[in-house]
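The block underneath contains the structure these notes are about, expressed in structure tokens.
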Amino acid sequence: MLSAVPGATSRLRDLRSELRAAAPADRATRLCDAAREIRRRDLRMIARAGQGHIGGDFSAADILAVLYLAVLDLDPEHPDWPERDRYIQSKGHASGALYATLAYAGFFADADLDTYMEPLSALNGHPNRRKIPGVETNTGPLGHGLPVAVGAALAARLDGSTRHTYVLTGDGELQEGSNWEAAMSAAHYKLNRLTVVVDRNRFQQGAPTEGTNSLEPLADKWTAFGFRTRHIDGHDHEALFQALSAEPADNRPLCLIADTVKGKGVSFMEDRVEWHHKVPSADQTAAALEELSR
322 MLSAVPGATS RLRDLRSELR AAAPADRATR LCDAAREIRR RDLRMIARAG QGHIGGDFSA
382 ADILAVLYLA VLDLDPEHPD WPERDRYIQS KGHASGALYA TLAYAGFFAD ADLDTYMEPL
442 SALNGHPNRR KIPGVETNTG PLGHGLPVAV GAALAARLDG STRHTYVLTG DGELQEGSNW
502 EAAMSAAHYK LNRLTVVVDR NRFQQGAPTE GTNSLEPLAD KWTAFGFRTR HIDGHDHEAL
562 FQALSAEPAD NRPLCLIADT VKGKGVSFME DRVEWHHKVP SADQTAAALE ELSR
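Rendered as structure tokens:
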């Protein structure tokens, strides 16, 4: 089991308070810088390990930065604190971005990232809640995160708690029927402290989602299942902050369809399906790090 960085809780909460109080332009700049650093760490991990899912990691990095640094109420030194907000990453194969974010937030040391995918490492290809502080549930099989999140949100309701539950899904995994069974339950129970974020990068392994099993009209489907639904730019830090930190407007769960770019931040990776799980060469790694440092 990995250990939190001493003092991480106060640093994270101070950062969250600063970001919440900051002017929108300053907040966006700081979150953008943090997301770039998360991408750099993730890139080094994958290049070192020779495996990973860099395309989906990079499409989700801005969402993760906003959630962990400015929205979620968490305690890295006591990751099982009962009143913490819950974050469930259904697209478990994008573990690299999650690990880089958790390290950035202080749930474990940066040096632990160097063990990614090594034998006996806690940092496997999919997140394991028994090994990694801050991981709420194991994810890997697609379509499982939302059902678990519905259960977590319902448990908060039964506890009389105002804690919020967030779940990030890939768009390709919405082809799994389990999501829609969970969506019906979320609406039935009026789980207005449940937020679904769809990482809508429009690619899945090997092909566009619309060429595999069309999802559109996606917003209409979530609305028909009883959600408040809106499209959002998944790389607009201020828009993400405003949407993710807002109090519930009514008694419906919320679905944010975050329009994102697979491989976001590195020009030769963006919108290229092969970067779903391609590993950059040494030259490509250097070029990508240079782009992410501008």
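Using my numbering, the first residue of the sequence shown is number 322, and each one after it goes up by one.
Glycine included, each C-beta is placed from N, C-alpha and C at the ideal position.
From a predicted model like this one, the values you see are computed outputs, not experimental measurements.
Between the CA atoms of residue j and residue i - distance to the nearest angstrom
i, j, result
"residue 267", "residue 324", "Residue 267 is absent from the model: the chain starts at 322 and stops at 615."
"residue 404", "residue 484", "6 Å"
"residue 581", "residue 556", "6 Å"
"residue 461", "residue 530", "19 Å"
"residue 442", "residue 361", "21 Å"
"residue 517", "residue 349", "22 Å"
"residue 359", "residue 509", "37 Å"
"residue 384", "residue 558", "8 Å"
"residue 569", "residue 392", "14 Å"
"residue 472", "residue 573", "16 Å"
"residue 544", "residue 327", "44 Å"
"residue 605", "residue 481", "51 Å"
"residue 499", "residue 431", "35 Å"
"residue 356", "residue 363", "10 Å"
"residue 546", "residue 527", "29 Å"
"residue 343", "residue 575", "25 Å"
Under 8 Å between C-beta atoms of residue i and residue j
i, j, result
"residue 437", "residue 425", "no"
"residue 548", "residue 504", "yes"
"residue 322", "residue 452", "yes"
"residue 495", "residue 536", "yes"
"residue 466", "residue 490", "yes"
"residue 468", "residue 428", "no"
"residue 520", "residue 380", "yes"
"residue 487", "residue 389", "no"
"residue 470", "residue 423", "no"
"residue 512", "residue 475", "yes"
"residue 352", "residue 395", "no"
Collapsed DSSP secondary structure at residue i in the structure displayed
i, result
"residue 597", "helix"
"residue 429", "coil"
"residue 389", "helix"
"residue 577", "strand"
"residue 563", "helix"
"residue 489", "strand"
"residue 554", "strand"
"residue 520", "strand"
Whole-Å CB distance - residue i paired with residue j, under 8 Å assumed
i, j, result
"residue 463", "residue 502", "At roughly 14 Å, the Cβ-Cβ gap does not stay under 8 Å, so residue 463 and residue 502 are not in contact."
"residue 533", "residue 540", "Actually they are not in contact, since the Cβ atoms of residue 533 and residue 540 sit about 19 Å apart, beyond 8 Å."
"residue 523", "residue 492", "7 Å"
"residue 612", "residue 594", "In fact, because the Cβ distance is near 20 Å, the residues do not count as touching under 8 Å."
Could you check whether the segment 438-457 touches the segment 405-419, counting it as contact only if at least three pairs of C-beta atoms, one from each stretch, sit closer than 8 Å?
A contact is defined here as three or more CB-CB pairs under 8 Å, and the segment 438-457 meets this definition with respect to the segment 405-419.
Touching or not, the segment 598-611 and the segment 370-390, by the rule of three or more beta carbon pairs under 8 Å?
The segment 598-611, when compared against the segment 370-390, does touch it at the 8 Å Cβ threshold.
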